[in-house]
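Participant: Residue numbers (this note's numbering): 2 to 174.
Can you read through this structure? Questions will come right after.
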Amino acid sequence: MSLALVTGCGGDDATDGAPMPISAASATIDPAVLDPCSLVNLTTVVAAQLTVATTSRRATPLLGQDDRKDWVGAEADFVYSIAGELGFPPVQVTWIEEPVTIEDFVRDGGADFLIGQVSPDEAQAAGAVASASYGKNPEGLESVLAFIPGNPLATCVDAAIAELSLGGQVTES
Numbered sequence: 002m003s004l005a006l007v008t009g010c011g012g013d014d015a016t017d018g019a020p021m022p023i024s025a026a027s028a029t030i031d032p033a034v035l036d037p038c039s040l041v042n043l044t045t046v047v048a049a050q051l052t053v054a055t056t057s058r059r060a061t062p063l064l065g066q067d068d069r070k071d072w073v074g075a076e077a078d079f080v081y082s083i084a085g086e087l088g089f090p091p092v093q094v095t096w097i098e099e100p101v102t103i104e105d106f107v108r109d110g111g112a113d114f115l116i117g118q119v120s121p122d123e124a125q126a127a128g129a130v131a132s133a134s135y136g137k138n139p140e141g142l143e144s145v146l147a148f149i150p151g152n153p154l155a156t157c158v159d160a161a162i163a164e165l166s167l168g169g170q171v172t173e174s
C-alpha cells in the first residue's frame, strides 16, 4: 500500500486561513531598508527635506548668498555634497535664512544641523554634538557641523564626510 501526500496552493488567506509559505530563496530585502543612513530611514526636521541652519559667520568664499539668494561658497558646496551622499538632491535642501547662534540652534531644534565656521569647542560648550571636522575656518580652527544631542543624522553625516574625504579641505582661499 502506498500513500500520496498532496499539497496545494489554492485559496487565499482570507478564505482558508492557511498562511502562504515564504521561501528564503524568494524573499528579497531592499538593502536601503537595512542601512540606517539610507534616505528611507533618516528622520529629519521636515520630512523628505534636509534643513540647514547657519551662523552669522557668513563670508564668501565660505558661505553666502548670490543675487538670486542661492547659497554659494565652499561650505554650501560641502552641504550639497553631504546631502547628495545621504540621498537628498539639491532641491530637497532647505536653508534657514536667518542666522542663529549655536545655543539657539540647540534650544530650538528647527534644523537638522548648523553650519558656519563652528569649532568643536564652540559646539560642545553650547551642548551640541560636533561632526567630524570638514575644514578650517579663517582663524585656522577646525570647522564642524553642530547637531542636537541624540540626532542619529550626526553618525550618517560623519560617514558621508569620511566617504567624501573632505576632512581639512574646506578652507578660505
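A virtual CB, placed ideally from N, CA and C, is assigned to each residue, including glycine.
Being a predicted model, the structure only gives us computed values, none of them experimental.
Find the nearest neighbour of Ala-48 within the set Gln-93, Val-130, Pro-121, judged by alpha-carbon distance.
Facilitator: When only C-alpha atoms are compared, the closest one is Gln-93.
Participant: In the DSSP assignment, the alpha helix (DSSP H) including Ala-124 goes from what residue to what residue?
Facilitator: Residues 121-126.
Participant: For Thr-156, does the three-state DSSP call read helix, strand or coil?
Facilitator: DSSP places Thr-156 in helix when its eight states are reduced to three.
Participant: Spatial neighbours of Glu-143 within its chain, please: CB distance less than 7 Å, with the 5 preceding and 5 following residues excluded, ordered by chain position.
Facilitator: Closer than 7 Å at Cβ, skipping near neighbours: Ser-120, Pro-121, Ser-134, Lys-137.
Participant: Given that a residue counts as buried once 16 or more other Cβ atoms are within 10 Å of its Cβ, and exposed if not, what is Cys-157?
Facilitator: Classification of Cys-157: buried, given that the 10 Å Cβ count is 16 or more.
Participant: Leaving out five residues on either side along the sequence, give the residues of the same chain with a beta carbon under 8 Å from the beta carbon of Thr-55.
Facilitator: The residues are Leu-64, Trp-96, Ile-97, Pro-100, Val-101, Leu-115, Ile-116, Gly-117.
Participant: For Glu-86, collect the residues of the same chain with a Cβ closer than 7 Å to its Cβ; drop the 5 residues on either side in sequence, then sort them by chain order.
Facilitator: Result list for Glu-86: Ala-161, Glu-164, Leu-165, in chain order.
Participant: Note down the Cα distance separating Pro-91 from Ala-84, rounded to an integer number of angstroms.
Facilitator: If you take the alpha carbons of Pro-91 and Ala-84, they lie about 7 Å apart.
Participant: DSSP three-state label for Val-53, please.
Facilitator: Looking at Val-53 - three-state DSSP - the assignment turns out to be strand.
Participant: Nearest CA to the CA of Val-130: which residue from Ala-75, Arg-108, Trp-72?
Facilitator: Comparing Cα-Cα distances from Val-130 to each of Ala-75, Arg-108, Trp-72, the minimum goes to Arg-108.
Participant: At which residues does the beta strand (DSSP E) containing Thr-147 begin and terminate?
Facilitator: With the sequence shown as reference, residue 147 is identified as Ala, and Thr is not the correct amino acid for it. From DSSP, the beta strand (DSSP E) with Ala-147 extends over 143-148.
Participant: Going by DSSP, what residue range makes up the alpha helix (DSSP H) through Val-232?
Facilitator: Nothing in the structure corresponds to residue 232, since the chain is present only between 2 and 174.
Participant: Taking DSSP as the reference, what is the three-state secondary structure of Leu-87?
Facilitator: Leu-87 falls in the helix class under three-state DSSP.
Participant: What residue does the beta strand (DSSP E) around Thr-95 start on, and which one ends it?
Facilitator: Here the beta strand (DSSP E) through Thr-95 covers 94-96.
Participant: Let me know if Gly-110 comes out buried or exposed under the rule of 16 or more other beta-carbons within 10 Å of its beta-carbon.
Facilitator: Gly-110 comes out exposed.
Participant: With DSSP run on the structure shown, which of helix, strand or coil describes Val-46?
Facilitator: Val-46 falls in the coil class under three-state DSSP.
Participant: Tell me Ile-116's beta-bridge partners as DSSP assigns them.
Facilitator: According to DSSP, which records beta bridges pairwise, Ile-116 is partnered with Thr-55.
Participant: From Ser-132 to Lys-70, what does the alpha carbon distance come to, in whole angstroms?
Facilitator: The straight-line gap from Cα to Cα measures roughly 27 Å.
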